[in-house]
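Peer 1: Supplied in structure tokens, the structure appears directly below.
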Amino acid sequence: MVECPLTRTEYPTMSFADYRASLWPLPMQLQSHNGNTRRIGVELEFAGLEINDIARLCQQHLGGELDVVSDYEIFVRGTRFGDFGIELDYSYLKKLGREKNGHDQSDDIENLAESVLALIARQLVPYEIVTPPIPVTEAFALEDLIKSLRQAGARGTGHAAEYAFGLHLNPELPDLEPTTLFNYLRAFLCLFDWLKHRSNIDLSRKITPYIDGFDHDYARFLLKPGYAPTMTALIDDYLTFNPTRNRALDMLPIFAHVDEDRVQNTVQDDRVKPRPAFHYRMPNCLIDESDWALVQSWRDWLQIEALASDTERLDQIASEYYQHLNSLGRLFTSWREKSARWLTPELL
183 MVECPLTRTE
193 YPTMSFADYR
203 ASLWPLPMQL
213 QSHNGNTRRI
223 GVELEFAGLE
233 INDIARLCQQ
243 HLGGELDVVS
253 DYEIFVRGTR
263 FGDFGIELDY
273 SYLKKLGREK
283 NGHDQSDDIE
293 NLAESVLALI
303 ARQLVPYEIV
313 TPPIPVTEAF
323 ALEDLIKSLR
333 QAGARGTGHA
343 AEYAFGLHLN
353 PELPDLEPTT
363 LFNYLRAFLC
373 LFDWLKHRSN
383 IDLSRKITPY
393 IDGFDHDYAR
403 FLLKPGYAPT
413 MTALIDDYLT
423 FNPTRNRALD
433 MLPIFAHVDE
443 DRVQNTVQDD
453 RVKPRPAFHY
463 RMPNCLIDES
473 DWALVQSWRD
483 WLQIEALASD
493 TERLDQIASE
503 YYQHLNSLGR
513 LFTSWREKSA
523 RWLTPELL
């Protein structure tokens, strides 16, 4: 009998932290065009905590120094990943808060009006944590922060009917070639029905326009055989069909990064921030539910990554979806069920 060269106690054992990190999946294309690890920004919307408590929890987990801009806006500067922003997601109140901090005295009536407005806003408007771009290999570190926020009393989308709170993922592109952007758009269109079902979008968010899907007319246009756009054509065609930020996958930040004037000529909106990253805003933020984690929505996004990176599979599903969109049979068949054939099972 051949003896095992190692006893059970001699097998190398990783720490629990390293084990958790090993469970965090990575995209097929791990590096960006400059050779660095791709990064991801995260926006987390929730209620139930005061802004100072949120900022202190961020500081405890990530380090850094607090920079209090106003009662509605705090930065945690110099964390190991960069600067984190915590804010009440209401631009008018943030403006009032900044103006108030810039003056030694303020009118009692103005203060009362601001207090009443803030009280109402806190019942409807979420606080939001906006992370800096974090290497995708280290983004699992946010899970511990999310757990602490939950334990402290953070409340998510499902806690109240009026809580239309979301989780936004802003993954950096591997490169800015038009073919790359085109493939990601095709992959998202083909998997949208599955993603929508998978995300189980809360009713409070369904009735808002912020996470609208792309119209079928745009899907037909983009998936039509022979369409191979230049970057200029891809941007112009997108803006023709989608002159708005209100899409589940908002491409305006990327296109503004490539050609800001072209985007601003069609969409005059100072909320469009140029950056070489997607703005995926479909998932709910279920931060108060113990079985919810960031990795779940990240795995769903990686389905898009995997499909966009495999042109053979992408061409197959794009061709079939184009036929589906142009067939009367689409009224009687579920594209969501058909599209599941192209999912990566290891990410489910």
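Once you know that position 69 of the sequence shown is 251 in our numbering, the rest is easy, because the numbers rise by one and skip nothing. For every residue, glycine included, the Cβ atom is placed at its ideal position computed from N, Cα and C.
Check L404 in the structure and name its three-state DSSP category.
Peer 2: It is helical.
Peer 1: In the DSSP assignment, the beta strand (DSSP E) including L248 goes from what residue to what residue?
Peer 2: Run containing L248: E247 to S252, per the beta strand (DSSP E) assignment.
Peer 1: Excluding the five sequence neighbours on either side, which residues of its own chain have a C-beta within less than 6 Å of the C-beta of E227, listed in chain order?
Peer 2: Answer for E227: P308, E310, F347, G348 and C467, listed in chain order.
Peer 1: Could you tell me whether the Cβ atoms of P315 and T261 are closer together than 9 Å?
Peer 2: No.
Peer 1: If R481 and P207 are in contact, beta carbons under 8 Å, what's the gap, nearest whole angstrom?
Peer 2: Going by Cβ atoms, the distance from R481 to P207 rounds to 6 Å, so yes, they are a contact pair.
Peer 1: Just the Cα atoms here: how many angstroms apart are R457 and P435?
Peer 2: Cα to Cα, R457 sits roughly 5 Å from P435.
Peer 1: In chain order, what residues of the same chain lie with their CB nearer than 7 Å to the CB of E528, ignoring the 5 residues before and after it?
Peer 2: Within the same chain, E528 has no close Cβ partners at all.
Peer 1: Helix, strand or coil: how does DSSP classify L299 here?
Peer 2: Any reading at L299 needs caution, since the residue's pLDDT is 47, under 50, leaving its predicted position unreliable; the model's value is listed next. Looking at L299 - three-state DSSP - the assignment turns out to be helix.
Peer 1: Any idea what DSSP makes of E232, helix, strand or coil?
Peer 2: Correct three-state label for E232: coil.
Peer 1: What is the DSSP secondary structure of H439, counted as helix, strand or coil?
Peer 2: In the structure shown, H439 sits in a helix (DSSP, three-state: H, G or I).
Peer 1: Let me check understanding here. Comparing Cα to Cα, which of H398, I393 and L373 lies closest to Q498?
Peer 2: Selected option, being the one with the closest Cα: L373.
Peer 1: Quick check: the segment 446-455 against the segment 315-331, are there 3 or more CB pairs under 8 Å?
Peer 2: Verdict: no, contact absent.
Peer 1: Give me the Cα-Cα distance between L270 and H506, rounded to the nearest whole angstrom.
Peer 2: Going from the Cα of L270 to the Cα of H506 covers about 43 Å.
Peer 1: Just reading off the beta strand (DSSP E) that A350 is part of, what are its end residues?
Peer 2: Before going on, a small fix: residue 350 reads as His here, not Ala. Where H350 is concerned, the enclosing beta strand (DSSP E) stretches over L349 to P353.
Peer 1: Have a look at H439 and T426 and give me their C-alpha separation to the nearest angstrom.
Peer 2: So the alpha carbons of these two residues sit roughly 16 Å apart.
Peer 1: Can P407 and I222 be called in contact, C-beta distance under 9 Å?
Peer 2: Cβ distance not < 9 Å, so P407 and I222 don't count as in contact.
Peer 1: Considering only residues of the same chain and omitting the five flanking positions on each side of T390, which have a CB-CB separation below 7 Å?
Peer 2: A346, listed in sequence order.
Peer 1: How is the alpha helix (DSSP H) around I561 delimited, first residue to last?
Peer 2: Coverage of the chain is limited to positions 183 through 530, which leaves residue 561 absent and any answer about it impossible.
Peer 1: Count the other CB atoms within 10 Å of the CB of R387; is the residue buried (16 or more) or exposed (fewer)?
Peer 2: When all chains shown are included, R387 counts as buried.
Peer 1: Which same chain residues, not among the five before or five after P317, have their C-beta less than 6 Å away from its C-beta?
Peer 2: Cβ neighbours of P317 beyond the five flanking positions: T219 and R221.
Peer 1: When the Cα of E442 is compared with those of A430, L421 and E471, which residue comes out closest?
Peer 2: Checking every option, the nearest Cα to that of E442 belongs to L421.
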